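Residue numbers for the sequence shown, in our numbering: 798 to 981.
Below is one structure; the comments refer to it alone.
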Amino acid sequence: MNDKNIITALVLDEEYGYDMMIKKYTAYVSSIVYQMTKEILSYPEMEELVADVFYKVWLKRNTLRGDSLKGLIGQITRNACIDVYRKQRTDFLPLKEDIIITNADIVYESIEKNELKKLITSIVENFIEPDRELFIRYYYFGEKLNAIAAKLNLNPSTAKTKLSRSREKLREILNERWYNNEQK
């Protein structure tokens, strides 16, 4: 069946003209849709887009002129694919904004953690000996309390008490500095 007969059948609202158009141009339309949208659409979505293209041609059947449908069908198909790309592009904008916000939050948290580490280190460095060494070996190097006490010639219960007092001192200084920063 040639395009002139298909156009005539479509203009006369004959259903078999629509069927002939689909039989003749499904492979052509499917090929264009696949090539243009394979990265963003699934196969069922591609099939739906192909059906939409034929429906758009059907809606334009009263304005069809000439002897060839191929150019019009190709143009409608390409425009439909471009519309899909435009829709996809706007759908993803909020996601990109979320990523930017998330990245900013991660950076802020990282900076905050680094500042806290520096503050804790400066406080611990000001502890008197053997409290400083005890604190560093226990919390930074993960050594056992009894082993640290033996190396520092301390009774294990004394070492435990010193560690507890150092933690409390650290907590007080951090709370005081945090409170002062909140007041500013």
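Cβ atoms here follow ideal geometry from the backbone N, Cα and C, with glycine treated the same way.
Quantities reported herein were computed from a predicted structural model and do not represent experimental measurements.
query, result
"Of the listed residues I837, R862, E842, D810, nearest to D800 (C-alpha basis)", "R862"
"Candidates T805, M833, I970, of which the one nearest M817 by Cα", "T805"
"Own chain, CB closer than 7 angstroms to E845, minus 5 neighbours either side, in chain order", "none"
"Cβ distance (whole Å) where I870 is taken to contact V850 below 8 angstroms", "7 angstroms"
"Nearest-angstrom beta carbon gap, E940 and R934 [assumed within contact, 8 angstroms]", "5 angstroms"
"Collapsed DSSP secondary structure at K941 in the structure displayed", "coil"
"Coil, strand or helix - G814 by DSSP", "helix"
"Contact between the segment 874-887 and the segment 911-926 (3+ Cβ pairs under 8 angstroms)", "no"
"T874 versus S827 - alpha carbon distance", "9 angstroms"
"Own chain residues within Cβ distance below 6 angstroms of G814, not counting five before or after", "I803, A806, L807"
"Residue from E812, D810, K821 with nearest C-alpha to M798", "K821"
"Helix, strand or coil at R862 [DSSP, three-state]", "coil"
"Contact set for S865: own chain, Cβ-Cβ below 8 angstroms, skip 5 residues either direction", "D800"
"Cutoff 6 angstroms; reference R968; Cβ partners in own chain excluding five residues on either side", "none"
"Reduced DSSP category for M771 - H, G, I as helix; E, B as strand; rest coil", "Nothing in the structure corresponds to residue 771, since the chain is present only between 798 and 981."
"Cβ-based neighbour list, K959, same chain, cut-off 6 angstroms, excluding 5 preceding and 5 following", "D928, L931"
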